[in-house]
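Here the structure is laid out as structure tokens; the discussion comes afterwards.
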Amino acid sequence: MDRFRHFILVALAALALVLAQAASATTVQKLTLQELTKKANSIVVGRVQDAVSSWDAAKKEIYTFYTVSVSQPVKGSKAGETITIRQLGGTVGNIASIVPGMPSFRKGEEVVLFLTQKDAAGYPWVLGLQQGKYSVVDQAGVKMVRNDLAGTEFLTPNGAHVEPKVAPDQPLGAFLDGIKTTLDIDGKIQATPTE
15 MDRFRHFILV
25 ALAALALVLA
35 QAASATTVQK
45 LTLQELTKKA
55 NSIVVGRVQD
65 AVSSWDAAKK
75 EIYTFYTVSV
85 SQPVKGSKAG
95 ETITIRQLGG
105 TVGNIASIVP
115 GMPSFRKGEE
125 VVLFLTQKDA
135 AGYPWVLGLQ
145 QGKYSVVDQA
155 GVKMVRNDLA
165 GTEFLTPNGA
175 HVEPKVAPDQ
185 PLGAFLDGIK
195 TTLDIDGKIQ
205 ATPTE
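So the sequence shown is numbered by our numbering: it starts at 15 and just counts up by one.
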């Protein structure tokens, strides 16, 4: 009888591991950079100033509120503006709520964000989960943008799974020029045809 119980416990533990691995990703529709650019209510370059996690009023969900100061507006915001983003997950006391695919932020981090319009509570969200957050990193004195897609699985509009492909780091200036070209706004690269 003890062998049977031991076998059942091992089988349940194995099943729990398999289910935990299957639940370690969030599936969202894959968006191209052009789609992110067009769908975003605002696009900003900014710095994360603060992060505060708290329970909602019903004590059912933990939300984290990130304060970002805008250093360079690209679409729909103003320089010097402060934006507070709300997203699911965070840590309150010894309780942690983790949502795979949700972007993570560090105080002091410089970011490029593609944001939704404000929700019913008055807060924008990062568009497309981790797809809409690019970290700005310094590589040999050059500012580069990087997008980490860990914990995110993608679907095409017809429901087919797409492997997440991490784009190579690219210079911040060229990245922003591409966005401005998509938006057809001032500051985009002007190409003069040659004869």
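C-beta: ideal position from N, C-alpha, C; glycine also. Note that the structure is predicted; figures quoted are calculated from it, not measured.
Legend entry - Cα-Cα separation between V113 and S67, rounded to whole angstroms: Rounded to whole angstroms, V113 to S67 spans 14 Å at the Cα level.
Inset, instruction - Give the single residue among N172, K132, Y77 and D70 whose Cα lies nearest to the Cα of A215. - result: Because residue 215 is not part of the residues shown, which for the chain are 15 to 209, the question remains open.
Inset, instruction - Please classify T98: does DSSP put it in a helix, a strand, or coil? - result: In this structure, T98 counts as strand in the three-state DSSP scheme.
Legend entry - Identity of the residues DSSP links to K89 by a beta bridge: Answer is I57.
Legend entry - At least 3 beta-carbon pairs within less than 8 Å: the segment 69-85 vs the segment 94-110: The answer is yes - the segment 94-110 touches the segment 69-85, with three or more Cβ pairs under 8 Å.
Legend entry - T96 versus M116, V59 and K73, residue with shortest Cα-Cα distance: Answer by Cα proximity: V59.
Inset, instruction - Count the other CB atoms, across all protein chains shown, that sit within 10 Å of the CB of Q145; report buried if there are 16 or more and exposed otherwise. - result: The residue is buried, with at least 16 neighbouring Cβ atoms inside 10 Å.
Legend entry - Anticipated Cβ contact below 8 Å, F119 with A174, distance rounded: The pair is not a contact, with the Cβ atoms about 31 Å apart (cut-off 8 Å).
Legend entry - I76 - DSSP class collapsed to helix/strand/coil: I76 falls in the strand class under three-state DSSP.
Inset, instruction - Can you tell me which of K44, Y137 and W69 puts its alpha carbon nearest to the alpha carbon of V106? - result: For the set K44, Y137 and W69, the Cα lying nearest the Cα of V106 is the one of W69.
Inset, instruction - State the CB to CB distance for the pair M116 and L141, rounded to an integer number of angstroms; the pair is presumed to be in contact (CB under 8 Å). - result: 12 Å between Cβ atoms; not a contact.
Inset, instruction - With DSSP as the reference, label I109 as helix, strand or coil. - result: I109 falls in the strand class under three-state DSSP.
Inset, instruction - May I ask you to report which of helix, strand or coil DSSP gives G155? - result: Correct three-state label for G155: coil.
Legend entry - Same chain, Cβ closer than 6 Å to Q63, neighbours up to 5 away in sequence not counted: Excluding residues within five positions, the ones whose Cβ falls inside 6 Å are T81 and S83.
Legend entry - CA nearest to the CA of L45, picked from F128, K157, P87 and A134: Minimum Cα distance to L45 is reached at F128.
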